[in-house]
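Heads up, the thing below is written out as C-alpha cells.
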Amino acid sequence: MKRKLTVDRKKDYSDDLANSKKSELISNNLTIRKWLSPILWGFAALMVAVLIFVVVQFFTPKQSSLIPKVESANFIRTGSDPAELPIFESPESADSLLRYANPRTIIPTRARKDIIIYTIESGDSVFGISQQFNVSPETILWANKDTLNDDPHMISVGQELRIPPVDGVLYDWKEGDTLESVASFLKVDPEAILDWTPNKIDRTNPVIEPDTFVMVPGGQREFQQWVVPTFARGPSGVNNSIPGACSTGEGGAYGTGTFIWPTGNTFISGNDFWSGHLAIDIGAMTGQTVYASDSGVVVYAGGISGGYGNMVMIDHGNGYATLYAHLSAISVRCGQSVYQGGPIGAAGSTGNSTGPHLHFEVRYFGGFINPRFVLP
C-alpha cells in the first residue's frame with residue numbers, strides 16, 4: 000500500500016513537471032512571435048521598395064549615346080543681330096531617311112481646241128496623220144473636202160491640211176445654211192454646234208457668216224467614193240474601150256480560195272483599211288517584187304486615173320478579185336493567166352503617193368473586204 004502511494008506521487012510529479020515545461024515553451028513562443036512580427040513586416044517593406052526601384056530603373060528611357068549632350072547657353076538678342084538657330088548635324092552613324100525636293104511639276108494635258116495646219120511630208124498618209132493627232136481619218140477627209148475631195152490618195156508632199164481638234168466635221172458654212180439644216184445633214188443635235196465654245200456663236204443671236212469654218216463635234220456625212228471599177232474576165236466591149244483592160248475569154252486560171260501576202264513584207268506602212276480607204280498599204284521599197292496573191296486571170300494591166308498610178312487587177316474566177324497599185328513596173332499583160340506566188344510587177348510610188356508602197360485591195364463580187372481577213 001505504501002509502495003503504491005509512492006508510485007502515484009512520482010507520477011503526479013512527472014505530470015506537473017511536463018505541464019510546467021509545456022507552459023514555459025508556450026510562453027517562449029509567444030515572446031519570439033512578439034519580437035519576430037515587426038522584423039518580418041520590415042523585411043517585406045524593404046523587398047517591395049527594392050522591387051519598385053528596379054521597375055522604375057528598367058522602364059525609364061535613357062539618353063542615347065548617339066545624341067550629343069548640349070550644354071545650356073545664354074543667347075543675347077540685339078536689335079542689329081538677328082537670332083540664329085543652331086545648325087543640326089545628324090551623327091554619321093545614325094540611320095535616317097532622306098527626302099529630296101522634286102522641282103518637277105507635272106501639268107495635266109489639256110484637250111486641244113484649235114485647228115492645226117499640217118504640211119504633208121514624204122511617207123505621210125491620211126491614216127498615219129490621223130493616228131498622230133488622235134482623230135479619225137474620216138475627220139481629216141471631211142475637214143479638207145476642198146483639196147482632197149474625199150480621196151485619201153490625193154495628198155501630196157508640201158500640201159497643207161487642216162487637222163480638227165476632235166472627231167467630227169469641220170464644216171464650211173454656206174449662204175442659206177441654218178443651225179437646224181446643218182445639224183440634220185451632219186446627224187447631230189444643234190446644241191453640239193452651239194456648245195463648242197471655239198465656234199464663238201452667240202446663243203441669243205446665232206448668226207453665222209458664209210465661208211466660216213464651224214466645228215461640228217461628232218458630225219458625219221457620206222463619202223464620195225473614188226475607186227476603180229471591178230473588171231471581170233470574159234468578153235466585154237466596155238473593157239476593150241478602157242486602156243489597160245481587155246477581153247479575156249472564158250478560160251484561164253482559177254483561184255484556190257486562199258491568199259498570200261503579195262510582197263515579202265507583212266506590215267502596214269501607210270493607210271490601213273477604213274471607210275475612206277478600202278485597201279491596205281503594204282510596206283515595200285521601189286523595185287521590190289510584187290506577187291499574185293492567188294491564181295487567176297489579169298483583167299487590167301497599165302496606168303489608170305484616180306491616184307492609183309500603174310495598176311494590175313486579177314480576176315480569180317470565184318467571185319474574188321485583187322488589185323495592186325502604185326507599181327513602178329508591170330511584168331504581166333491583160334488576159335494572161337497568173338498563178339499564186341508568181342511575179343506580176345514591182346512596187347513603187349506612181350500616181351498620188353507620198354512614198355513607195357503597195358496599195359492592195361481585195362474585192363468579193365464587187366464589194367470591198369479588209370485584206371487582213373483573208374491574208375495569213
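If you're matching positions, the sequence shown starts at 0 in numbering that gives the first Met the number 0 and goes up one per residue. All residues carry an ideal CB built from backbone N, CA and C; glycine is no exception. As the structure is a computational prediction, the values presented were derived from the model and not from experiment.
In DSSP terms, what residue i is bridged to
i, result
"S336", "V296"
"T229", "According to DSSP, which records beta bridges pairwise, T229 is partnered with nothing at all."
"Y290", "P342"
"D171", "F212"
"M312", "Y299 and L322"
"V361", "T321 and I368"
"L160", "Y117"
"W273", "H276"
"I267", "I281"
"I329", "G344"
"A110", "Paired residues: none, contrary to the question."
"H356", "G282 and G347"
"A244", "Y299"
Residue i versus residue j - alpha carbon distance
i, j, result
"R371", "F359", "10 Å"
"P216", "D166", "6 Å"
"N204", "E179", "14 Å"
"E249", "I192", "56 Å"
"R362", "T321", "6 Å"
"I303", "C245", "14 Å"
"D145", "N309", "26 Å"
"S121", "G354", "6 Å"
"K112", "I279", "31 Å"
"Y319", "T196", "49 Å"
"A252", "K186", "47 Å"
"L50", "A44", "10 Å"
"F367", "D149", "17 Å"
"L169", "P342", "44 Å"
"G365", "V311", "16 Å"
"I267", "G334", "30 Å"
"P375", "W260", "8 Å"
"M46", "F52", "10 Å"
"V125", "D194", "28 Å"
"H356", "G127", "14 Å"
"K173", "Q130", "30 Å"
"V373", "N133", "28 Å"
"T255", "G340", "12 Å"
"R202", "F212", "17 Å"
"R220", "E159", "22 Å"
"P189", "S336", "57 Å"
"F184", "T177", "11 Å"
"V338", "G286", "Correcting the residue type first, residue 338 is Tyr in the shown sequence and not Val. Their backbone Cα atoms lie some 20 Å apart in a straight line."
When the options are compared against residue i, the one with the closest alpha-carbon
i, options, result
"T118", "I162, R111, T257 and L322", "I162"
"N270", "E120, W260, P136 and A110", "P136"
"I114", "G122, A142 and F126", "A142"
"T288", "A345, K173, L169 and V297", "A345"
"G306", "S129, Q131, G347 and S292", "G347"
"P151", "T247, H356, S274 and P189", "S274"
"N369", "S336, D293 and F272", "F272"
"T247", "T255, R232 and F258", "R232"
"V156", "D123, Q224, D188 and V206", "D123"
"H325", "N133, M284, D176 and K199", "M284"
"I207", "G218, R220 and G175", "G175"
"F258", "D293, Q224 and G286", "D293"
"N198", "Q224, P164 and F184", "P164"
"Q224", "P189, L147 and I200", "L147"
"A182", "G218, T138 and L140", "G218"
Cβ separation of residue i and residue j, assumed to be a contact under 8 Å, to the nearest whole Å
i, j, result
"N351", "M214", "With a Cβ gap of about 27 Å, N351 and M214 do not count as contacting."
"R332", "A291", "Not confirmed; about 14 Å, so no contact."
"V296", "G282", "Actually they are not in contact, since the Cβ atoms of V296 and G282 sit about 28 Å apart, beyond 8 Å."
"S327", "T349", "6 Å"
"F230", "V298", "4 Å"
"V227", "L277", "Contact flag wrong, Cβ pair sits at about 11 Å."
Status (buried if at least 16 other CB within 10 Å, exposed otherwise) for residue i
i, result
"D94", "In this prediction, D94 scores a pLDDT of 40, lower than 50, which makes its location untrustworthy; no coordinate-derived value is stated."
"I38", "exposed"
"P242", "exposed"
"I313", "buried"
"Y377", "Residue 377 cannot be examined here, being either before or after the span of the chain that is shown, 0 to 375."
"F42", "exposed"
"T265", "exposed"
"I75", "Annotation note: pLDDT 42 at I75 (below 50); position unreliable, coordinate value reported separately. Classification for I75: exposed."
"I116", "exposed"
"P209", "exposed"
"T262", "buried"
"T138", "buried"
Residue i: CB within 6 Å of a non-hydrogen atom of the ligand HEM
i, result
"Q223", "For the ligand HEM, the structure offers nothing, since it holds no ligand at all."
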